[in-house]
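So the sequence lines, in the order shown, correspond to chains A and B.
Per this note's numbering, the very first residue in the first sequence carries number 1; after that it's consecutive.
Per this note's numbering, the very first residue in the second sequence carries number 351; after that it's consecutive.
Heads up, the beta-carbon is just placed ideally off N, CA and C, and yes, glycines get one too.
Everything numeric in this text was worked out from a predicted model, so none of it was measured.
Below is one structure; the comments refer to it alone.
There are 2 protein chains.
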Amino acid sequence: MPILRAETLRKISEEIFKAYGAPAEEARLVSESLVEANLCGHDSHGVIRIIQYVKAIERGALKPGAEIEIVRETPSSALIRGNWGFGQVVARRAMELAIGKAEENSVSVVCAYDLYHIGRLADYTALAAERGMVGVAMVNSTPTVAPYGGRERLLSTAPISYAFPTGEESMFLLDIATSVCAEGKVRVSLHRGERLPDGLIIDKDGHPSTDPADLYEGGALLPLGGDLVGYKGFGLGLAVEVLAGILSGAGCAYEEGKVGNGVFFEVINIDDFMPVEEFKERIDALIRRIKSSKLRPGFTEILIPGELELRTRRVRRDEGIYIPERTWREITEIAEKRDVRLADILSRGC
Amino acid sequence: MPILRAETLRKISEEIFKAYGAPAEEARLVSESLVEANLCGHDSHGVIRIIQYVKAIERGALKPGAEIEIVRETPSSALIRGNWGFGQVVARRAMELAIGKAEENSVSVVCAYDLYHIGRLADYTALAAERGMVGVAMVNSTPTVAPYGGRERLLSTAPISYAFPTGEESMFLLDIATSVCAEGKVRVSLHRGERLPDGLIIDKDGHPSTDPADLYEGGALLPLGGDLVGYKGFGLGLAVEVLAGILSGAGCAYEEGKVGNGVFFEVINIDDFMPVEEFKERIDALIRRIKSSKLRPGFTEILIPGELELRTRRVRRDEGIYIPERTWREITEIAEKRDVRLADILSRGC
Numbered sequence: 001m002p003i004l005r006a007e008t009l010r011k012i013s014e015e016i017f018k019a020y021g022a023p024a025e026e027a028r029l030v031s032e033s034l035v036e037a038n039l040c041g042h043d044s045h046g047v048i049r050i051i052q053y054v055k056a057i058e059r060g061a062l063k064p065g066a067e068i069e070i071v072r073e074t075p076s077s078a079l080i081r082g083n084w085g086f087g088q089v090v091a092r093r094a095m096e097l098a099i100g101k102a103e104e105n106s107v108s109v110v111c112a113y114d115l116y117h118i119g120r121l122a123d124y125t126a127l128a129a130e131r132g133m134v135g136v137a138m139v140n141s142t143p144t145v146a147p148y149g150g151r152e153r154l155l156s157t158a159p160i161s162y163a164f165p166t167g168e169e170s171m172f173l174l175d176i177a178t179s180v181c182a183e184g185k186v187r188v189s190l191h192r193g194e195r196l197p198d199g200l201i202i203d204k205d206g207h208p209s210t211d212p213a214d215l216y217e218g219g220a221l222l223p224l225g226g227d228l229v230g231y232k233g234f235g236l237g238l239a240v241e242v243l244a245g246i247l248s249g250a251g252c253a254y255e256e257g258k259v260g261n262g263v264f265f266e267v268i269n270i271d272d273f274m275p276v277e278e279f280k281e282r283i284d285a286l287i288r289r290i291k292s293s294k295l296r297p298g299f300t301e302i303l304i305p306g307e308l309e310l311r312t313r314r315v316r317r318d319e320g321i322y323i324p325e326r327t328w329r330e331i332t333e334i335a336e337k338r339d340v341r342l343a344d345i346l347s348r349g350c
Numbered sequence: 351m352p353i354l355r356a357e358t359l360r361k362i363s364e365e366i367f368k369a370y371g372a373p374a375e376e377a378r379l380v381s382e383s384l385v386e387a388n389l390c391g392h393d394s395h396g397v398i399r400i401i402q403y404v405k406a407i408e409r410g411a412l413k414p415g416a417e418i419e420i421v422r423e424t425p426s427s428a429l430i431r432g433n434w435g436f437g438q439v440v441a442r443r444a445m446e447l448a449i450g451k452a453e454e455n456s457v458s459v460v461c462a463y464d465l466y467h468i469g470r471l472a473d474y475t476a477l478a479a480e481r482g483m484v485g486v487a488m489v490n491s492t493p494t495v496a497p498y499g500g501r502e503r504l505l506s507t508a509p510i511s512y513a514f515p516t517g518e519e520s521m522f523l524l525d526i527a528t529s530v531c532a533e534g535k536v537r538v539s540l541h542r543g544e545r546l547p548d549g550l551i552i553d554k555d556g557h558p559s560t561d562p563a564d565l566y567e568g569g570a571l572l573p574l575g576g577d578l579v580g581y582k583g584f585g586l587g588l589a590v591e592v593l594a595g596i597l598s599g600a601g602c603a604y605e606e607g608k609v610g611n612g613v614f615f616e617v618i619n620i621d622d623f624m625p626v627e628e629f630k631e632r633i634d635a636l637i638r639r640i641k642s643s644k645l646r647p648g649f650t651e652i653l654i655p656g657e658l659e660l661r662t663r664r665v666r667r668d669e670g671i672y673i674p675e676r677t678w679r680e681i682t683e684i685a686e687k688r689d690v691r692l693a694d695i696l697s698r699g700c
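This is how it looks when you write it as structure tokens:
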């Protein structure tokens, strides 16, 4: 049952979340976010997460329909407690609040804590860019990354996202871990039985390793920059930890029992600096000049942040999304447990 | 004439800038910033810059005493035109404005254009952290870095700085180029006749090189992440280019005739999220846990951003600052040209 259209996957995901107690609007938002990740090629953040989220609902770690509370607020800042609702629902609300505040007050920061996994940061920063503003996002989560020089997992992959509106060029949409790679990449190599390139992980004794299994036997991911300049990725990751873990009140990766994401969102209203149309013309010109650069041997083109995802999206929208056998089996089991009839959804061919 | 005390160097620098037309307060600010860089071990941003700045004054590219204009302003944002004044003077004013705005309005962004070289970013973000706030800074400048996959110099080293206040631990003060290294590092290797480690530069044809001369013969610096994940450093550098080059109105690195720094400063008032004392306790705890990590073979300790600079500062404050012969000779010539009596300053032993 491997290749499904995005609409079908969304419908399946929605029905499952509703069957597990999610209000319709929340089920829709979360499902859209997961399928969007699949469309963009980030399967580790796609419908495979239905399994994790449903388990979290069952053990009470994720509470569909939880009230979202604004615990502190000024005209240009807010602190939100998610009460363990869906990360996507709380984070979307946080970003919409930040956009509204930046519209009125030039710049805003909104942090959130006590919420589940929010998925890809680019989903939220893109909301700001679609409104002609700059979107910035950082999150922390559970520890998988060693500090530069250390061999314990004390930091999260601590991703950062920047989104900028463009004119004719596709949206500038950066979304990167500050570790040298995300954990999902190592897991894929493990499942495929492949070795890793040098410089991604260390084993439990702190020695460099190319065996993906070592990450899951006490090893750690390395910060961006590797042995040569890993203090840079480490420093950035630590800054994310401070903003998304401490300023948000969510807690740091190293703390006992850390779950969910700590969230730091920021929005800047371009119009308070220059007309947004002028900004778009200038960023288009920058992108065109960069893309027209003479190439290094071995490269065929230069890709702007977000461009690869957009291309994958076009292909998968037309050709469908491949779901691995094991993922599909587990989703089917979860659905059957609450009488969600996948066969009906599939036969409707939506 | 190689080793001088910080106070003596500051005095020499002040007198030279005054002799070349700088108002006393500007001469003091710029000199403090340059000597501070020497104290912290960043000699490439230290008094060696006196030579460059004086030449810029002579050809009219740098205008001491220039009026600083606020061309756009809201309660939490501002856009500043420096009219080609000293970067340090304009940038300090910009950061002070940002701090005042964040104090009143939780968050602020201040951008600046038409100003000369501002020196180290950490000087400015530290001002915010000293006031119990978060300081963020980005600048762009002339092009030295190739995009990921390209071989033309189209981006600047595009540094980013984050400063956070701490309690008992030393200030968290990150200040890193988003290229794999700064240009100064390559220049030092060139002068010493040493090879570079792999992964820092490419030659004019885009091939990896360890010969520092290749950078100055049409080559380029590589973005942070190298061949493996250089799209990450490239993406960050491009984001800096957009915020510090486009949003600021300063122009991008790739544009013909680009000079000076484009500046993006941001300040966040911690008190609007949590009591700053609580923030300090939490960041202290984070720093202590990270520093207590079990080490990798070959490492003797874990350093927090800013820690190395602080240690160097203590040593150089006590032992003095070494000035290379050539730098000292050129500074002496510049001084003599305007009758600044270095011998008098040195004999006063300040």
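Inset, instruction - Have a look at 446/B, 462/B, 422/B, 447/B and flag the residue whose alpha-carbon is nearest the alpha-carbon of residue 435/B. - result: Here residue 435/B refers to the residue found at position 85 of the second sequence. When each option's Cα is compared against that of residue 435/B, the closest is 462/B.
Inset, instruction - Pick helix, strand or coil for residue 367/B, following the three-state DSSP scheme. - result: The residue you call residue 367/B lines up with position 17 of the second sequence. Residue 367/B falls in the helix class under three-state DSSP.
Legend entry - Helix, strand or coil at residue 120/A [DSSP, three-state]: The residue labelled residue 120/A in the question sits at position 120 within the first sequence. Coil at residue 120/A, not helix or strand.
Inset, instruction - State yes or no: is the beta carbon of residue 154/A nearer than 7 Å to at least one beta carbon in chain B? - result: As a working note, residue 154/A is residue 154 in the first sequence. So yes, residue 154/A belongs to the interface.
Inset, instruction - For chain A, find out if any of its Cβ atoms is closer than 7 Å to the Cβ of residue 622/B; answer yes or no. - result: Here the question's residue 622/B lines up with position 272 in the second sequence. Yes, residue 622/B lies at the interface with chain A (some Cβ there is under 7 Å from its Cβ).
Inset, instruction - Grab the span of the alpha helix (DSSP H) containing residue 584/B for me, first residue to last. - result: As a working mapping, residue 584/B is identified with position 234 in the second sequence. 576 to 590 is the extent of the alpha helix (DSSP H) around residue 584/B.
Legend entry - Every unbroken beta strand (DSSP E) within the region 416 to 459 of chain B, with a cutoff of 3 residues, ordered by chain: 419 to 424, 427 to 435
Legend entry - Identified DSSP bridge partners for residue 461/B: Translated into the one-based positions of the second sequence, residue 461/B becomes position 111. Note: residue 461/B sits in a beta bridge opposite 429/B, 614/B.
Legend entry - Close beta carbons around residue 532/B, own chain, < 6 Å, minus the five adjacent residues each side: The count along the second sequence starts at 1 and reaches residue 532/B at position 182. Within the same chain, residue 532/B has close Cβ partners 507.
Inset, instruction - Please classify residue 88/A: is it buried, with 16 or more other beta-carbons within 10 angstroms of its beta-carbon, or exposed? - result: Start at 1 with the first residue of the first sequence, and residue 88/A comes out as number 88. Looking at its Cβ environment, which holds 16 or more other Cβ atoms inside 10 Å, residue 88/A is buried.
Legend entry - 6 Å Cβ shell around residue 335/A - same chain, five flanking residues per side excluded: Within the first sequence, the letter at position 335 stands for residue 335/A. Here the set comprises 16, 342.
Inset, instruction - Note down, in chain order, every chain A residue with its Cβ under 9 Å from the Cβ of residue 687/B. - result: For this step, residue 687/B is matched to residue 337 along the second sequence. Within 9 Å Cβ-Cβ: nothing; residue 687/B doesn't reach chain A, min ~40 Å.
Inset, instruction - Have a look at 423/B, 424/B, 430/B, 357/B and flag the residue whose alpha-carbon is nearest the alpha-carbon of residue 417/B. - result: For the purposes of this step, residue 417/B is taken as residue 67 along the second sequence, with counting starting at 1. Of 423/B, 424/B, 430/B, 357/B, the residue nearest in Cα terms is 430/B.
Legend entry - Under 7 Å (Cβ pairs) to chain B, residues found in the region 89 to 115 of chain A: 105, 106, 107, 108, 109, 111
Legend entry - Beta-carbon neighbours of residue 282/A, restricted to chain B and to distances below 7 Å: Looking up residue 282/A in the first sequence gives position 282. What residue 282/A touches in chain B: 596.
Legend entry - is_contact[residue 390/B, chain A] using C-beta, thresh 7 Å: The residue given as residue 390/B occupies position 40 in the second sequence. No, its Cβ sits nowhere closer than 7 Å to a Cβ of chain A.
Legend entry - Segment limits, alpha helix (DSSP H) that includes residue 539/B: The residue labelled residue 539/B in the question sits at position 189 within the second sequence. It spans 533 to 542 - the alpha helix (DSSP H) in which residue 539/B sits, taken as one unbroken run.
Inset, instruction - Say whether chain B places a C-beta atom closer than 7 Å to the C-beta of residue 376/A. - result: Nothing in the structure corresponds to residue 376/A, since chain A is present only between 1 and 350.
Legend entry - Below-7 Å beta-carbon distance, residue 415/B vs any chain A residue: In the second sequence, the residue the question calls residue 415/B occupies position 65. By this cut-off, residue 415/B is not an interface position.
Inset, instruction - Have a look at 304/A, 274/A, 98/A and flag the residue whose alpha-carbon is nearest the alpha-carbon of residue 424/B. - result: Reading the second sequence from its first residue, position 74 is the one you call residue 424/B. Selected option, being the one with the closest Cα: 274/A.
Legend entry - Whether residue 589/B touches residue 174/A by CB criterion (7 Å): For the purposes of this step, residue 589/B is taken as residue 239 along the second sequence, with counting starting at 1. For the purposes of this step, residue 174/A is taken as residue 174 along the first sequence, with counting starting at 1. Yes, Cβ-Cβ distance for residue 589/B and residue 174/A is below 7 Å.
Legend entry - Proximity test, Cβ basis, 7 Å: residue 474/B and chain A: If you number the second sequence from 1, residue 474/B lands on position 124. Judged by the 7 Å Cβ criterion, residue 474/B is not in contact with chain A.
Legend entry - Sequence-distant residues of its chain with Cβ nearer than 7 Å to residue 196/A (five each side left out): Counted from its first residue, the first sequence places residue 196/A at position 196. For residue 196/A, where only same-chain residues beyond five positions count, the Cβ hits under 7 Å are 186, 189, 210, 212.
Inset, instruction - Below 8 Å between beta carbons is the criterion; list the residues of the region 468 to 502 of chain B that meet it against any residue of chain A, in chain order. - result: 484, 496, 497, 498, 499, 500, 501, 502
Legend entry - Contact the region 320 to 328 of chain A vs the region 37 to 55 of chain A: 3+ CB pairs below 8 Å: yes
Legend entry - Rounded straight-line distance, which links the Cα of residue 290/A to that of residue 587/B: Residue mapping note: residue 587/B aligns to position 237 of the second sequence, counting from 1. Residue mapping note: residue 290/A aligns to position 290 of the first sequence, counting from 1. The straight-line gap from Cα to Cα measures roughly 12 Å.
Inset, instruction - Between the Cα of residue 553/B and those of 287/A, 220/A, 294/A, spot the shortest distance and give me the residue it belongs to. - result: Looking up residue 553/B in the second sequence gives position 203. For residue 553/B, the nearest C-alpha among the options comes from 294/A.
Inset, instruction - Pull up the DSSP beta-bridge partners for residue 133/A, would you. - result: For this step, residue 133/A is matched to residue 133 along the first sequence. 269/A, per the DSSP bridge assignment.
Inset, instruction - Using three-state DSSP, classify residue 629/B as helix, strand or coil. - result: As a working note, residue 629/B is residue 279 in the second sequence. Helix.
Legend entry - Assigned secondary structure, residue 525/B (DSSP; H/G/I helix, E/B strand, else coil): The residue you call residue 525/B lines up with position 175 of the second sequence. Strand at residue 525/B.
Legend entry - CB contact check: residue 560/B to chain A, cutoff 7 Å: Here residue 560/B corresponds to residue number 210 of the second sequence, with the count starting at 1. Taking Cβ atoms only, chain A never reaches closer than 7 Å to residue 560/B, which makes this a no.
Inset, instruction - Could you tell me which chain A residues have their CB closer than 9 Å to the CB of residue 557/B, listed as they occur along the chain? - result: What you label residue 557/B is simply residue 207 of the second sequence in a count that begins at 1. What residue 557/B touches in chain A: 296, 297.
Legend entry - residue 48/A (DSSP reduced to helix, strand or coil): On the first sequence, residue 48/A is found 48 positions in, with the first residue counted as 1. Here residue 48/A sits in coil by DSSP.
Inset, instruction - Could you tell me whether any Cβ in chain A is nearer than 7 Å to the Cβ of residue 572/B? - result: In the second sequence, the residue the question calls residue 572/B occupies position 222. So no, residue 572/B is outside the interface.
Inset, instruction - Please check if any C-beta of chain B sits within less than 7 Å of the C-beta of residue 187/A. - result: Position 187 of the first sequence, counted from the first residue, corresponds to residue 187/A. False, the Cβ-Cβ gap to chain B never drops below 7 Å.
Legend entry - Rounded straight-line distance, which links the Cα of residue 323/A to that of residue 192/A: Against the first sequence, residue 192/A aligns to sequence position 192. Against the first sequence, residue 323/A aligns to sequence position 323. Spanning the two alpha carbons is a distance of roughly 15 Å.
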